[in-house]
Amino acid sequence: MATQILAPLPGVFYRRPTPAEPPFKEEGDAVAVGDTIGLVEAMKSFFPVEAETAGRLVAYRIEDGQTVDADDVIADIA
Amino acid sequence: MAIRKLFIANRGEIAVRINRAARSLGIATVQAASEADRDMLACRLADEVSVVGPAKASESYLNIPAMMAAITESGADAVHPGYGFLSENPAFVQAVEAASITFVGPGADTIARMGDKATARAEAIAAGVPVVPGSPGRVDGAAEALRLAPEIGYPVMVKASAGGGGRGIRVARDAADLEKQLPLAMAEAGAAFGDNGLYLERYIERARHIEVQVLGDGERTVHLFERECSLQRKRQKVWEEGPSSALAEETRQRLCASAVALAERVGYRGAGTLEYLYDDQTGEFFFIEMNTRIQVEHPVTEAITGIDLVAAQLRIAGGETLWLTQADVIRKGHAIEVRINAEDPARHFMPSPGTITRYEPPATGRFDTFVYEGYKVVPFYDSLLGKLIVHAETRQGALAALEQALGSLSVEGIKTTAPLHRTLLKAPDVVAGNVNTSWLERWMQAAKPA
Chain C
1 MATQILAPLP GVFYRRPTPA EPPFKEEGDA VAVGDTIGLV EAMKSFFPVE
51 AETAGRLVAY RIEDGQTVDA DDVIADIA
Chain V
1 MAIRKLFIAN RGEIAVRINR AARSLGIATV QAASEADRDM LACRLADEVS
51 VVGPAKASES YLNIPAMMAA ITESGADAVH PGYGFLSENP AFVQAVEAAS
101 ITFVGPGADT IARMGDKATA RAEAIAAGVP VVPGSPGRVD GAAEALRLAP
151 EIGYPVMVKA SAGGGGRGIR VARDAADLEK QLPLAMAEAG AAFGDNGLYL
201 ERYIERARHI EVQVLGDGER TVHLFERECS LQRKRQKVWE EGPSSALAEE
251 TRQRLCASAV ALAERVGYRG AGTLEYLYDD QTGEFFFIEM NTRIQVEHPV
301 TEAITGIDLV AAQLRIAGGE TLWLTQADVI RKGHAIEVRI NAEDPARHFM
351 PSPGTITRYE PPATGRFDTF VYEGYKVVPF YDSLLGKLIV HAETRQGALA
401 ALEQALGSLS VEGIKTTAPL HRTLLKAPDV VAGNVNTSWL ERWMQAAKPA
C-alpha cells in the first residue's frame, strides 16, 4: 500500500545527519517502521522524520536543504 | 561623526529595539530582512527594507558577501549587528571597516581577541581578573595531575585536552578519587579523541552566572552593575535579573571593578558584557568570557540604571566620548526579565512556529517583541518572541509585578513559554533567590509527572 511521509513540523528538511555524512536513505531503499529518513530543523533544533510504515522509499518529494511546512509530503513509500 | 543612516543587520525583537533607539536619536534606518521576514515588525518601523537573501540564515543573515552588498547599496554610514548572527564575526567587522562604514561595536581586532577563549583568559589574568583555576596547560600522566590538583582546589574537573561537547569529562572530589578516575579519563580521552592528554579545572558545583555590563569609549570604561542569569535550560538563559541577590556589596564592587579593569586593558569601545561564574560556597568569582555586543537581557540593566544601552552604543559609534562617570551610574530597585519563546513547555519545549491568531501585550511592564496579531512566526531562526521586563523597588515587588504582567499577556495560535514563568515565579527557591545554573533543569526533572 502506498503511503506518504509527512513533515512533522515546519522548518528546513535535510537528508543527511550532518553535511559530511551520507544520506539516511537513497531512493529505492527498503524502510522499516521507525527508520529515520531525514531531519527537519526548526528554531535551531533538529527533529527526525520517521517512517510509520514499512516498504520501499520510492521517491523524495523534498530536496536536501529545502524549506517545508507542517504536513508537506516528504517522501513516498510503496 | 554622528551616524545619519543606520543599517540593521539583524531580525526579531532586537531589530525593533534598534529601530526605536535610532529613531530617538533622529537616525534613519535600513532594515535587513530575509525573504521569510518581510512581514516582521522591524520592516514596518524602518525607513527602508533591504532583502538580503533566502530564509535560511546561512544564505541571508549570516551571508557576509550578501550582507555587505546590501549595506553598500543602502548608502548607510553605520551598521548595527544586534546579537548572534554576524555580531561577533571578525571577518564581517573587517569587511564593514574596509568599506569605510562604522561598525556599532568594538573593532575587529578586539572582537577576535576577546572571542578566543584562550586569549581572553590571558587578557583577564594580565588585568588581574580571577579566572577559573586550572592547569597551566596540558597534563600528561597521573603524577603531574596529582601534584597540580591541590593547587587548583578540589573538586577538580578532568577534561580531555583535545575534547569538546562535554565528552571525556570527569569530576574528582579528592586525591583518592582523582587517582581512581585518572586512568579512566585518559583511556576515554584516548578513545574519543586519539589523544590521552588531560586538562584540569576547578569544578564549581553551585555556580551562579553573573555578568557585568560595561560601556567604553576606547579609553575609559564605566560599569552598569551586574545581572544574574542563573536560570538556564540547555545553557540558554530563560530568566535574568539585576541586581544579583547573592552578592555582598563589597563583592559587587570588586566584581564590577574587575570588569572595568579588563575592558580598559583591551581599550574596549561600545557596550559589552563580561560573564563570570560565582561560587556560592566560597564567595569567589571567576571570569569566563566576554560578549562584545548588546545582549538579549540588556533591558534589565536599562531598568535599574535608566540608561538606554542601544542609544549609548549608537552615540559611542558616532564618535562621542563617554558622557558618564562611574558616579553618574546609579542603581535603583530590582528588575526581572523573562524570555517568552515560541516553544511548548508541556512537550519538551518543542518549537511552536505558526500564526498568532490573538495577541494582547502585557498591560504592565515592558515587552520587547516583534510579534503582532496575525503575524506568522517562521521556523528558520531562534524561538524568542519577546522579553517581558518588570521593575520595582524590591525583588519581592518585582516578582509581584512579573506575576501581574504575565497575567495579562496573551498569545494564541502558538505555544509559548509564558506558562513556565507563571509556575517558576512561585517556586520557593526562585522566590528565595536560591538558584544556580543547574537548578532549572533539576527542578523541571523533579516536577515531571512520573
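Here the protein sequences come in this chain order: C and V.
Note that the UniProt record's numbering gives residue 73 to position 73 of the first sequence, counting from 1, and the numbers run on in steps of one.
Note that the UniProt record's numbering gives residue 357 to position 357 of the second sequence, counting from 1, and the numbers run on in steps of one.
The C-beta atom is built at its ideal place from N, Cα and C for all residues, glycine as well.
How far does the alpha helix (DSSP H) with residue 16 of chain V in it reach, from first residue to last?
For the purposes of this step, residue 16 of chain V is taken as the residue at position 16 of the second sequence. Residues 12-24.
Please state whether DSSP places residue 44 of chain V in a helix, a strand or coil.
Translated into the one-based positions of the second sequence, residue 44 of chain V becomes position 44. Helix at residue 44 of chain V.
Rounded to the nearest angstrom, what separates residue 330 of chain V and residue 305 of chain V at their Cα positions?
Here residue 330 of chain V is taken as the residue at index 330 of the second sequence, counted from 1. Here residue 305 of chain V is taken as the residue at index 305 of the second sequence, counted from 1. If you take the alpha carbons of residue 330 of chain V and residue 305 of chain V, they lie about 6 Å apart.
Would residue 84 of chain C pass as an interface residue toward chain V - the criterion being a Cβ-Cβ separation below 8 Å?
Nothing about residue 84 of chain C can be read from this structure; chain C reaches only from 1 to 78.
Residue interval of the alpha helix (DSSP H) (run including residue 441 of chain V)
On the second sequence, residue 441 of chain V is found 441 positions in, with the first residue counted as 1. Where residue 441 of chain V is concerned, the enclosing alpha helix (DSSP H) stretches over 439-447.
Have a look at residue 18 of chain V and residue 408 of chain V and give me their C-alpha separation to the nearest angstrom.
Position 18 of the second sequence, counted from the first residue, corresponds to residue 18 of chain V. Position 408 of the second sequence, counted from the first residue, corresponds to residue 408 of chain V. Rounded to the nearest angstrom, the two C-alpha atoms are 26 Å apart.
Taking 8 Å as the threshold (C-beta atoms), are residue 51 of chain V and residue 33 of chain V in contact?
Residue numbering aside, residue 33 of chain V sits at position 33 when the second sequence is read from its first letter. Residue numbering aside, residue 51 of chain V sits at position 51 when the second sequence is read from its first letter. A contact, by the Cβ cut-off of 8 Å.
Could you compute how far the alpha carbon of residue 146 of chain V sits from the alpha carbon of residue 273 of chain V?
Numbered from its first residue, the second sequence carries residue 146 of chain V at position 146. Numbered from its first residue, the second sequence carries residue 273 of chain V at position 273. About 36 Å.
Residue 280 of chain V - containing beta strand (DSSP E), residue span
As a working mapping, residue 280 of chain V is identified with position 280 in the second sequence. Counting along the chain, residue 280 of chain V falls outside any beta strand (DSSP E), and DSSP gives it neither H nor E.
If you check the beta carbons only, do residue 232 of chain V and residue 399 of chain V fall under 8 Å apart?
Taking the first residue of the second sequence as 1, we reach residue 232 of chain V at position 232. Taking the first residue of the second sequence as 1, we reach residue 399 of chain V at position 399. For residue 232 of chain V and residue 399 of chain V, no; Cβs fall outside 8 Å.
Please list, in chain order, all residues of the same chain as residue 35 of chain V whose beta carbon is under 8 Å from its beta carbon, the five residues on each side excluded.
Counting from 1 along the second sequence, the entry for residue 35 of chain V is found at position 35. Here the set comprises 51, 53, 54, 55 and 60.
So, for residue 450 of chain V: in the same chain, excluding its five sequence neighbours on each side, which residues have a beta-carbon less than 7 Å away from its beta-carbon?
Indexing the second sequence from 1 puts residue 450 of chain V at position 450. Annotation note: pLDDT 42 at residue 450 of chain V (below 50); position unreliable, coordinate value reported separately. Around residue 450 of chain V: no qualifying Cβ.
Curious, which full-length beta strand (DSSP E) runs of at least 3 residues does the segment 155-231 of chain V contain?
156-160, 170-172, 198-202 and 207-217
Just checking: is the beta-carbon of residue 161 of chain V within a distance shorter than 8 Å of some beta-carbon in chain C?
Indexing the second sequence from 1 puts residue 161 of chain V at position 161. By this cut-off, residue 161 of chain V is not an interface position.
Using the three-state DSSP reduction, which class does residue 63 of chain C fall into: helix, strand or coil?
Taking the first sequence and counting its residues from 1, the one referred to as residue 63 of chain C is at position 63. In the structure shown, residue 63 of chain C sits in coil (DSSP, three-state: anything other than H, G, I, E or B).
If you follow the beta strand (DSSP E) that residue 259 of chain V is in, where does it begin and where does it stop?
Along the second sequence, read from residue 1 onward, the residue named residue 259 of chain V stands at position 259. Not the beta strand (DSSP E): residue 259 of chain V falls in the alpha helix (DSSP H), residues 249-265.
How far does the alpha helix (DSSP H) with residue 312 of chain V in it reach, from first residue to last?
Locating residue 312 of chain V in the second sequence gives position 312, counting from the first residue. Unbroken alpha helix (DSSP H) run through residue 312 of chain V: 309-317.
Name the chain C residues whose beta carbon is nearer than 8 Å to that of residue 381 of chain V?
By 1-based counting over the second sequence, the position of residue 381 of chain V is 381. Here the neighbours are 43 and 44.
Under 9 Å Cβ-Cβ, which residues of chain C neighbour residue 353 of chain V?
Residue 353 of chain V sits at position 353 when you count from the first residue of the second sequence. Chain C residues near residue 353 of chain V: 9, 10, 11, 42, 43 and 70.
Does any residue of chain V have a CB that is nearer than 8 Å to the CB of residue 36 of chain C?
Residue numbering aside, residue 36 of chain C sits at position 36 when the first sequence is read from its first letter. Chain V contact via Cβ: absent.
Between the C-alpha atoms of residue 26 of chain V and residue 82 of chain V, what's the straight-line distance to the nearest angstrom?
In the second sequence, residue 26 of chain V corresponds to position 26, counting from 1. In the second sequence, residue 82 of chain V corresponds to position 82, counting from 1. Near 19 Å, if we compare the C-alpha coordinates of residue 82 of chain V and residue 26 of chain V.
Compare the Cα-Cα distances from residue 67 of chain V to each of V/360, V/242 and V/89 and report the closest residue.
Along the second sequence, read from residue 1 onward, the residue named residue 67 of chain V stands at position 67. Of the candidates V/360, V/242 and V/89, the one whose C-alpha sits nearest the C-alpha of residue 67 of chain V is V/89.
Closer than 9 Å, Cβ to any Cβ of chain C: which residues of the segment 35-59 of chain V, in chain order?
36, 54, 55 and 56
Report the option in V/11, V/65, V/78 and V/69 whose CA atom is closest to the CA atom of residue 45 of chain V.
The residue given as residue 45 of chain V occupies position 45 in the second sequence. Residue nearest to residue 45 of chain V within the set V/11, V/65, V/78 and V/69 is V/11 (criterion: CA-CA distance).
Provide the residue(s) that pair with residue 295 of chain V in DSSP beta bridges, ordered along the chain.
The sequence position of residue 295 of chain V within the second sequence is 295, counting from 1. According to DSSP, which records beta bridges pairwise, residue 295 of chain V is partnered with nothing at all.
Closest by C-alpha distance to residue 103 of chain V, when choosing among V/229, V/318 and V/421:
The residue given as residue 103 of chain V occupies position 103 in the second sequence. When only C-alpha atoms are compared, the closest one is V/318.
At 7 Å on the CB atoms, spell out the chain V contacts of residue 3 of chain C, in chain order.
Within the first sequence, numbered from 1, the residue matching residue 3 of chain C stands at position 3. Going along chain V, no residue has its Cβ under 7 Å from residue 3 of chain C, so there is no contact; the nearest lies around 24 Å.
Given residue 431 of chain V as reference, the closest of V/294, V/246, V/282 and V/367 once Cα atoms are compared:
The sequence position of residue 431 of chain V within the second sequence is 431, counting from 1. Closest by alpha carbon: V/246.
Distance, residue 211 of chain V Cα to residue 222 of chain V Cα:
By one-based count along the second sequence, residue 222 of chain V stands at place 222. By one-based count along the second sequence, residue 211 of chain V stands at place 211. If I take the Cα positions, the gap works out to 14 Å.
Classify residue 446 of chain V: buried if its beta carbon has 16 or more other beta carbons within 10 angstroms, exposed otherwise.
On the second sequence, residue 446 of chain V is found 446 positions in, with the first residue counted as 1. So residue 446 of chain V ends up on the exposed side.
Given that a residue counts as buried once 16 or more other Cβ atoms are within 10 Å of its Cβ, and exposed if not, what is residue 323 of chain V?
Working through the second sequence from its first residue, we reach residue 323 of chain V at position 323. Residue environment for residue 323 of chain V: exposed (fewer than 16 other C-beta atoms within 10 angstroms of its C-beta).
Taking buried to mean at least 16 other C-beta atoms within 10 Å of its own C-beta, is residue 159 of chain V buried or exposed?
Counting from one through the second sequence, the residue named residue 159 of chain V turns up at place 159. Classification for residue 159 of chain V: buried.
Could you spell out where the beta strand (DSSP E) holding residue 48 of chain C opens and where it closes?
Counting from 1 along the first sequence, the entry for residue 48 of chain C is found at position 48. Start and end: 45-50.
Which residues in chain C have a C-beta closer than 9 Å to the C-beta of residue 342 of chain V? List them in chain order.
Translated into the one-based positions of the second sequence, residue 342 of chain V becomes position 342. The answer, in chain order, is 43.
Would you kindly work out how many angstroms separate the C-alpha atoms of residue 48 of chain C and residue 40 of chain C, rounded to a whole number?
If you number the first sequence from 1, residue 48 of chain C lands on position 48. If you number the first sequence from 1, residue 40 of chain C lands on position 40. Each residue's alpha carbon lies about 6 Å from the other.
Terminal residues of the alpha helix (DSSP H) in which residue 391 of chain V lies
For this step, residue 391 of chain V is matched to residue 391 along the second sequence. First-last for residue 391 of chain V: 384-392, but that is the beta strand (DSSP E), not the alpha helix (DSSP H).
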